[in-house]
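Chemist:
Numbering (this note's numbering), first residue to last: 24 to 174.
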């Protein structure tokens, strides 16, 4: 499905509507430039540019929710959930954010110098309760990735 290609007059009309809605708190020229850039990047400029190819490559979701949930399930059951072979790049940023959100404040209160990131953590350096928490966080990520999966 292709998006509509807008003419200059249609851009002006869109910009006018947005200006009215925002109470003139919008830079109209910049908005037009950004909209034009978006159309160029998405390939709606009626030519197949390098920009449009990159947009299409990076705008597609890499994993289906069920695939992502399966990867998080493997992490939750692995001997070493922090192993890069188990916690693969497809899910690593999300899992890293989960750990950071859960532990940053606590670790700061405890006076730990180390930051709770996958880059800094080692499985052997964690307490048994922290290891259990890591598994629980992986399970939570699995449930968030695909809530339709059975428990």
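Backbone N, C-alpha and C define an ideal beta-carbon position, used for all residues, glycine too. Since the structure is predicted, the reported quantities are computational estimates derived from the model, not experimental observations.
What number of angstroms, rounded off, separates the C-alpha of residue 150 from the C-alpha of residue 141?
Modeler: Using only the alpha carbons, I get a separation of about 15 Å.
Chemist: Mind checking residue 44: buried by the 16 CB within 10 Å criterion, or exposed?
Modeler: The residue in question, residue 44, is exposed, as its Cβ has fewer than 16 Cβ neighbours within 10 Å.
Chemist: Identify which residue in 106, 167, 125, 114 has its Cα closest to the Cα of residue 86.
Modeler: Measuring from the Cα of residue 86, the nearest candidate turns out to be 114.
Chemist: Among the candidates 120, 94, 117, 121, whose CA atom is the shortest distance from the CA of residue 108?
Modeler: Of 120, 94, 117, 121, the residue nearest in Cα terms is 94.
Chemist: Since residue 105 and residue 146 should fall inside the 8 Å C-beta cutoff, what is the C-beta to C-beta distance between them, to a whole number of angstroms?
Modeler: With a Cβ gap of about 5 Å, residue 105 and residue 146 count as contacting.
Chemist: Whole angstroms is fine: what's the gap from residue 111's alpha carbon to residue 165's?
Modeler: So the alpha carbons of these two residues sit roughly 14 Å apart.
Chemist: In terms of residues, what are the limits of the alpha helix (DSSP H) holding residue 94?
Modeler: Taken as a continuous stretch (DSSP letters only), the alpha helix (DSSP H) holding residue 94 covers 88 to 100.
Chemist: Is residue 48 helix, strand or coil by DSSP?
Modeler: Note: residue 48 maps to coil in three-state DSSP.
Chemist: Is it buried or exposed for residue 92, if we count other Cβ within 10 angstroms and need 16 for buried?
Modeler: Looking at its Cβ environment, which holds 16 or more other Cβ atoms inside 10 Å, residue 92 is buried.
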